[in-house]
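Chains as they are written, first to last, in this note's numbering: chain A, 1 to 164; chain B, 165 to 328; chain C, 329 to 492; chain D, 493 to 656. The structure under discussion appears below in the form of structure tokens.
Number of protein chains: 4
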Amino acid sequence: MSDTLGGHGSLSDYAVTDGLRTRFHIPEEWSFAIPKLVEWRDCDGFAHVNHTAYLSWYESLRNIYFEVLGHPRHAMNVPGPVMKHLETEYIRGLSYHTPICITGRTVSMRNTSMVMEYATWDEQGCCNWSTQLFVLIVNATGKKAPIPPELRAAIIALDHPEQS
Amino acid sequence: MSDTLGGHGSLSDYAVTDGLRTRFHIPEEWSFAIPKLVEWRDCDGFAHVNHTAYLSWYESLRNIYFEVLGHPRHAMNVPGPVMKHLETEYIRGLSYHTPICITGRTVSMRNTSMVMEYATWDEQGCCNWSTQLFVLIVNATGKKAPIPPELRAAIIALDHPEQS
Amino acid sequence: MSDTLGGHGSLSDYAVTDGLRTRFHIPEEWSFAIPKLVEWRDCDGFAHVNHTAYLSWYESLRNIYFEVLGHPRHAMNVPGPVMKHLETEYIRGLSYHTPICITGRTVSMRNTSMVMEYATWDEQGCCNWSTQLFVLIVNATGKKAPIPPELRAAIIALDHPEQS
Amino acid sequence: MSDTLGGHGSLSDYAVTDGLRTRFHIPEEWSFAIPKLVEWRDCDGFAHVNHTAYLSWYESLRNIYFEVLGHPRHAMNVPGPVMKHLETEYIRGLSYHTPICITGRTVSMRNTSMVMEYATWDEQGCCNWSTQLFVLIVNATGKKAPIPPELRAAIIALDHPEQS
Numbered sequence: 001m002s003d004t005l006g007g008h009g010s011l012s013d014y015a016v017t018d019g020l021r022t023r024f025h026i027p028e029e030w031s032f033a034i035p036k037l038v039e040w041r042d043c044d045g046f047a048h049v050n051h052t053a054y055l056s057w058y059e060s061l062r063n064i065y066f067e068v069l070g071h072p073r074h075a076m077n078v079p080g081p082v083m084k085h086l087e088t089e090y091i092r093g094l095s096y097h098t099p100i101c102i103t104g105r106t107v108s109m110r111n112t113s114m115v116m117e118y119a120t121w122d123e124q125g126c127c128n129w130s131t132q133l134f135v136l137i138v139n140a141t142g143k144k145a146p147i148p149p150e151l152r153a154a155i156i157a158l159d160h161p162e163q164s
Numbered sequence: 165m166s167d168t169l170g171g172h173g174s175l176s177d178y179a180v181t182d183g184l185r186t187r188f189h190i191p192e193e194w195s196f197a198i199p200k201l202v203e204w205r206d207c208d209g210f211a212h213v214n215h216t217a218y219l220s221w222y223e224s225l226r227n228i229y230f231e232v233l234g235h236p237r238h239a240m241n242v243p244g245p246v247m248k249h250l251e252t253e254y255i256r257g258l259s260y261h262t263p264i265c266i267t268g269r270t271v272s273m274r275n276t277s278m279v280m281e282y283a284t285w286d287e288q289g290c291c292n293w294s295t296q297l298f299v300l301i302v303n304a305t306g307k308k309a310p311i312p313p314e315l316r317a318a319i320i321a322l323d324h325p326e327q328s
Numbered sequence: 329m330s331d332t333l334g335g336h337g338s339l340s341d342y343a344v345t346d347g348l349r350t351r352f353h354i355p356e357e358w359s360f361a362i363p364k365l366v367e368w369r370d371c372d373g374f375a376h377v378n379h380t381a382y383l384s385w386y387e388s389l390r391n392i393y394f395e396v397l398g399h400p401r402h403a404m405n406v407p408g409p410v411m412k413h414l415e416t417e418y419i420r421g422l423s424y425h426t427p428i429c430i431t432g433r434t435v436s437m438r439n440t441s442m443v444m445e446y447a448t449w450d451e452q453g454c455c456n457w458s459t460q461l462f463v464l465i466v467n468a469t470g471k472k473a474p475i476p477p478e479l480r481a482a483i484i485a486l487d488h489p490e491q492s
Numbered sequence: 493m494s495d496t497l498g499g500h501g502s503l504s505d506y507a508v509t510d511g512l513r514t515r516f517h518i519p520e521e522w523s524f525a526i527p528k529l530v531e532w533r534d535c536d537g538f539a540h541v542n543h544t545a546y547l548s549w550y551e552s553l554r555n556i557y558f559e560v561l562g563h564p565r566h567a568m569n570v571p572g573p574v575m576k577h578l579e580t581e582y583i584r585g586l587s588y589h590t591p592i593c594i595t596g597r598t599v600s601m602r603n604t605s606m607v608m609e610y611a612t613w614d615e616q617g618c619c620n621w622s623t624q625l626f627v628l629i630v631n632a633t634g635k636k637a638p639i640p641p642e643l644r645a646a647i648i649a650l651d652h653p654e655q656s
């Protein structure tokens, strides 16, 4: 965590370094990562990660991704991503305190919507993968909003998503 | 909650009554339901239900569904459903303390796997829908197990799923 | 869950019935109860209830208690209870799908603050007990607010708390 | 996160550095810290940290504290801390994505029990403080166990707790 005002640091703090890429077998298409340990609160009664915990990790990564790319913090009058559809593949279970790496990237953007992919990696490779469709909504009005040009440009520079 | 040993009651306690069907606009194909209120702990910073809360509700319903149909409680040496894939459609947001009804049913069964559907209903109809693929695994060994014949029969009697 | 507008039912839906009192060994001083099953999402990696789950149950009960006693639902411009201090005694662990009963009551009120007690009961008696101090705050302004007279009267009628 | 087998790093990774001490106003008696951001999943419907989230943060810190001091990871046959009593003071609310620092230390040890303190700090100082009493229990048997001498020595070296 760097000492910037917001506290979330800058893009380089979330880079998939060569060390992470090698350790967790992360392919080239991923550029944004958060390494962490599986926490006790993520585990269920069999001491494995509960199926919802992956989605909370992806949410936390997404929130940082947006801010680090310059989008204003969640607020009622700011366009924010609202989940419309998600698909998740549970490839391999994870146990408590396993070192993991969470990655996220934007794979496509339209005017007011975007598709992001997320994955969880341990030292054997990919354990979990998710594709999620979001619409940008201004919470105070419930109205759709176009992806702001600055955010769009930052996402293009980082992830080279399809656009339509 | 009835006074049976297990505490979860019996199948009739989870029937989609005419009252629930009318109030929440639940179609005929659903037979198993849990009415509840949206809780504060299910809401996120915009006072809407977080996208993971629906999945926790479906998990709770699934656990009761299995037990009420006679399957033994989760334990290391008992075959239990392990999530392999889920797809969820977020149709309409929900706010705190809204009366809702959660429904679940089995839509298909193979030898060691099954597909279940879940939905969340408020008084305007369906808000959220999910399709989930499970494999039955004995946790202690990590081995797949066939769906026990008694459970299979009970599911067929309730939900008439496809079989293959 | 009754069919009232709010969905939370009325005070009589949360009475400690003779059946509950006997089954869960609940003493006379408790009048407000929610029976439930321990859920999978409340359990940690040893399949016991996590220490935070009790507090979430108490929060859910408290939210219903306030509404059933006529206080408006949580909103930015409505005085709501903000936690200042809590003390919790963990008496006996609980496992998954155990039938339990959650109780709550107000033990004292001042002008802008109140102390509530909560407890969790299984069929052997009290498993967990908590005392919590709240201040009523209007969230939009951060200002303390007196306990509204209607709420105060309803709490007195139900729980006979000390006043000062 | 260092590249050790366990993934949790070593004691020096959790030191209260001069930078952390100054930024978060952490007094000398604290030696073990985890800086982080308030996550969306920690916030409730008013976009403030829910009262249970602090306790989950303390739990996560405690789990790392024990392992970094050489105690074996949570397992059924390993003595682990079981919560008996907790007291928590909610001093000041926290909002989403605020940079914070969590600290923990052992303040006293007896034969089979210990008292730990935890605190949450933002850039204005202490927001939340908790004192928690644990008994060491072997989960598989439910029996109390003495604090292992190696763990005791490591805790003394780090935190200089009272002993009795």
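A virtual CB, placed ideally from N, CA and C, is assigned to each residue, including glycine.
>> I'd like to confirm something about A:Asp122: is its beta-carbon nearer than 7 Å to some heavy atom of the ligand SAH, or not?
In response: You won't find the ligand SAH in this model; it holds no ligand whatsoever.
> What do you get for D:Ile647, buried or exposed, if any count of 16 or more other CB atoms within 10 angstroms of its CB means buried?
Replying inline: The residue given as residue 647 of chain D occupies position 155 in the fourth sequence. Buried, by the Cβ-count rule.
> Would the stretch 552-561 of chain D and the stretch 16-36 of chain A be scored as touching if the rule is three or more Cβ pairs under 8 Å?
Replying inline: Between the stretch 552-561 of chain D and the stretch 16-36 of chain A there are fewer than three C-beta pairs closer than 8 Å, too few to call the two in contact.
> Is the CB-CB distance between B:Val279 and B:Val246 below 8 Å?
Replying inline: Along the second sequence, read from residue 1 onward, the residue named residue 279 of chain B stands at position 115. Along the second sequence, read from residue 1 onward, the residue named residue 246 of chain B stands at position 82. With a cutoff of 8 Å on beta-carbon distance, B:Val279 and B:Val246 are scored as not near each other.
> Looking only at its own chain, which residues have a Cβ that is under 7 Å from the Cβ of C:Met404, when we skip the five neighbours before and after it?
Replying inline: Looking up residue 404 of chain C in the third sequence gives position 76. Asn467 and Ala468, listed in sequence order.
>> Distance cutoff 8 Å, beta carbons only. Does B:Leu201 sit that close to anything in chain C?
In response: In the second sequence, counting from the first residue as 1, residue 201 of chain B sits at position 37. For B:Leu201, the answer is yes, since a Cβ of chain C falls inside 8 Å of its Cβ.
>> Taking 7 Å as the limit between beta carbons, can you name the residues of its chain near A:Leu5, skipping five residues before and five after?
In response: The count along the first sequence starts at 1 and reaches residue 5 of chain A at position 5. Low per-residue confidence applies at A:Leu5: pLDDT is 43, beneath 50, and the placement is therefore not dependable, though the value from the model is reported in the following sentence. When the five nearest sequence neighbours on each side are left out, no beta carbon in the same chain lies closer than 7 Å to the beta carbon of A:Leu5.
> How big is the Cα-Cα spacing for A:Ala119 and A:Glu89?
Replying inline: Here the question's residue 119 of chain A lines up with position 119 in the first sequence. Here the question's residue 89 of chain A lines up with position 89 in the first sequence. If you take the alpha carbons of A:Ala119 and A:Glu89, they lie about 9 Å apart.
>> Is it buried or exposed, C:Gln452, if we count other Cβ atoms within 10 angstroms and call 16 or more buried?
In response: Numbered from 1 along the third sequence, position 124 holds the residue referred to as residue 452 of chain C. C:Gln452 is classed as exposed because its beta carbon has fewer than 16 other beta carbons within 10 Å across all chains shown.
> Would you report the Cα separation of A:Tyr54 and A:Asp42, rounded to the nearest angstrom?
Replying inline: Translated into positions along the first sequence, residue 54 of chain A becomes position 54. Translated into positions along the first sequence, residue 42 of chain A becomes position 42. Taking the Cα positions, A:Tyr54 is about 8 Å away from A:Asp42.
> Measuring CA to CA, which of C:Lys471, C:Ser340 and C:Leu461 is closest to C:Leu397?
Replying inline: To locate residue 397 of chain C, count along the third sequence from 1; it is residue 69. Measuring from the Cα of C:Leu397, the nearest candidate turns out to be C:Ser340.
> Can a CB atom of chain A be found closer than 8 Å to the CB of D:His566?
Replying inline: For the purposes of this step, residue 566 of chain D is taken as the residue at position 74 of the fourth sequence. Yes, D:His566 counts as interfacial toward chain A.
> What residue range is occupied by the uninterrupted beta strand (DSSP E) comprising D:Val560?
Replying inline: Start at 1 with the first residue of the fourth sequence, and residue 560 of chain D comes out as number 68. Run containing D:Val560: none in the beta strand (DSSP E); it sits in the alpha helix (DSSP H), His543 to Val560.
>> Among C:Lys472, C:Lys412 and C:Trp449, whose alpha-carbon lies nearest the alpha-carbon of C:Arg420?
In response: In the third sequence, residue 420 of chain C corresponds to position 92, counting from 1. The candidate whose alpha carbon is nearest that of C:Arg420 is C:Trp449.
> Based on Cα-Cα distance, which residue from A:Thr112, A:Arg73 and A:Pro148 lies nearest to D:Leu529?
Replying inline: In the fourth sequence, counting from the first residue as 1, residue 529 of chain D sits at position 37. Here the closest residue by C-alpha is A:Arg73.
>> Contact criterion: CB-CB distance below 8 Å. Does D:Val508 meet it with respect to chain A?
In response: Counting from 1 along the fourth sequence, the entry for residue 508 of chain D is found at position 16. The C-beta of D:Val508 comes no closer than 8 Å to any C-beta of chain A.
> Name the residues in the stretch 419-434 of chain C whose C-beta lies less than 9 Å from a C-beta of chain D; which are they?
Replying inline: From the stretch 419-434 of chain C, only Ile419 and Gly421 have a Cβ closer than 9 Å to chain D.
>> Give the list of continuous alpha helix (DSSP H) stretches no shorter than 4 residues that lie fully inside the stretch 431-488 of chain C.
In response: Listed in chain order, the complete alpha helix (DSSP H) runs (minimum 4 residues) inside the stretch 431-488 of chain C are 477-487.
> Since A:Ser95 sits in a beta bridge, which residues does DSSP pair it with?
Replying inline: What you label residue 95 of chain A is simply residue 95 of the first sequence in a count that begins at 1. According to DSSP, A:Ser95 bridges with A:His48.
> Under three-state DSSP, which class holds D:Thr580?
Replying inline: Translated into positions along the fourth sequence, residue 580 of chain D becomes position 88. Of the three classes helix, strand and coil, the one that applies to D:Thr580 here is strand, per DSSP.
>> Closer than 9 Å between beta carbons: that is the criterion. Which residues of the stretch 532-543 of chain D meet it against chain B?
In response: Against chain B - using a Cβ distance shorter than 9 Å - the residues of the stretch 532-543 of chain D are Trp532, Arg533, Cys535, Asp536, Gly537, Phe538, Ala539, His540 and Asn542.
> Quick one, are the C-beta atoms of C:His399 and C:Leu479 less than 8 Å apart?
Replying inline: Counting from one through the third sequence, the residue named residue 399 of chain C turns up at place 71. Counting from one through the third sequence, the residue named residue 479 of chain C turns up at place 151. Contact: yes.
>> Using only CA atoms, which one of D:Glu609, D:Gly634, D:Ala649 and D:Pro591 lies nearest to D:His577?
In response: One-based indexing of the fourth sequence puts residue 577 of chain D at position 85. Comparing Cα positions, the closest option is D:Glu609.
> Less than 8 Å separating the beta-carbons of C:Trp368 and A:Gly45?
Replying inline: Position 40 of the third sequence holds residue 368 of chain C. Position 45 of the first sequence holds residue 45 of chain A. With a cutoff of 8 Å on beta-carbon distance, C:Trp368 and A:Gly45 are scored as near each other.
>> DSSP three-state label for D:Gly501, please.
In response: In the fourth sequence, counting from the first residue as 1, residue 501 of chain D sits at position 9. In the structure shown, D:Gly501 sits in coil (DSSP, three-state: anything other than H, G, I, E or B).
> How about A:Asn77: is its C-beta nearer than 8 Å to some C-beta of chain B?
Replying inline: Along the first sequence, read from residue 1 onward, the residue named residue 77 of chain A stands at position 77. Cβ-Cβ to chain B under 8 Å: no for A:Asn77.
> Along the chain, where does the beta strand (DSSP E) that runs through D:Phe524 open and close?
Replying inline: Start at 1 with the first residue of the fourth sequence, and residue 524 of chain D comes out as number 32. In the DSSP assignment, D:Phe524 falls within the beta strand (DSSP E) that extends over Phe524 to Leu529.
>> Give me, in chain order, the residues of the same chain whose beta-carbon lies closer than 7 Å to that of B:Tyr229; leave out the 5 immediate sequence neighbours on both sides.
In response: Mapped onto the second sequence, residue 229 of chain B falls at position 65. Listed in chain order, the non-local C-beta contacts of B:Tyr229 below 7 Å within the same chain comprise Phe196 and Gly268, local neighbours out to five positions each way being set aside.
>> Give me the subset of the stretch 442-459 of chain C whose CB atoms are less than 7 Å from a CB atom of chain D, sorted by chain position.
In response: Cβ contacts with chain D: none found.
>> Check whether chain A comes within 8 Å of D:Ser502, counting only Cβ atoms and requiring the distance to be less than that.
In response: The residue you call residue 502 of chain D lines up with position 10 of the fourth sequence. False, the Cβ-Cβ gap to chain A never drops below 8 Å.
> Hey, would you say B:His261 sits closer than 8 Å to C:His336, going by beta carbons?
Replying inline: As a first step, residue 261 of chain B is located in the second sequence; it is residue number 97 there, counting from the start. As a first step, residue 336 of chain C is located in the third sequence; it is residue number 8 there, counting from the start. Taking the C-beta atoms as reference points, C:His336 is found nearer than 8 Å to B:His261.
>> Is there a Cβ of chain D sitting closer than 8 Å to that of C:His413, yes or no?
In response: The residue labelled residue 413 of chain C in the question sits at position 85 within the third sequence. Chain D, which has a Cβ nearer than 8 Å to the Cβ of C:His413, makes this yes.
> When the Cα of A:Leu94 is compared with those of A:Thr52, A:Met109 and A:Ser108, which residue comes out closest?
Replying inline: Locating residue 94 of chain A in the first sequence gives position 94, where the first residue counts as 1. Considering only alpha carbons, the answer is A:Thr52.
>> I'd like to check one pair, D:Thr623 with D:Glu654: are the Cβ atoms closer than 8 Å?
In response: Residue numbering aside, residue 654 of chain D sits at position 162 when the fourth sequence is read from its first letter. Residue numbering aside, residue 623 of chain D sits at position 131 when the fourth sequence is read from its first letter. The answer is no: Cβ separation not under 8 Å.
> With distances taken from CA atoms, which of A:Pro146, A:Arg21 and A:Thr22 is nearest A:Thr112?
Replying inline: By 1-based counting over the first sequence, the position of residue 112 of chain A is 112. Among A:Pro146, A:Arg21 and A:Thr22, the Cα nearest to that of A:Thr112 is on A:Pro146.
>> Let me make sure I understand the geometry here. Which of C:Lys472, C:Asn456 and C:Ala485 has the alpha-carbon closest to that of C:Ile354?
In response: Along the third sequence, one-based indexing puts residue 354 of chain C at 26. It is C:Asn456.
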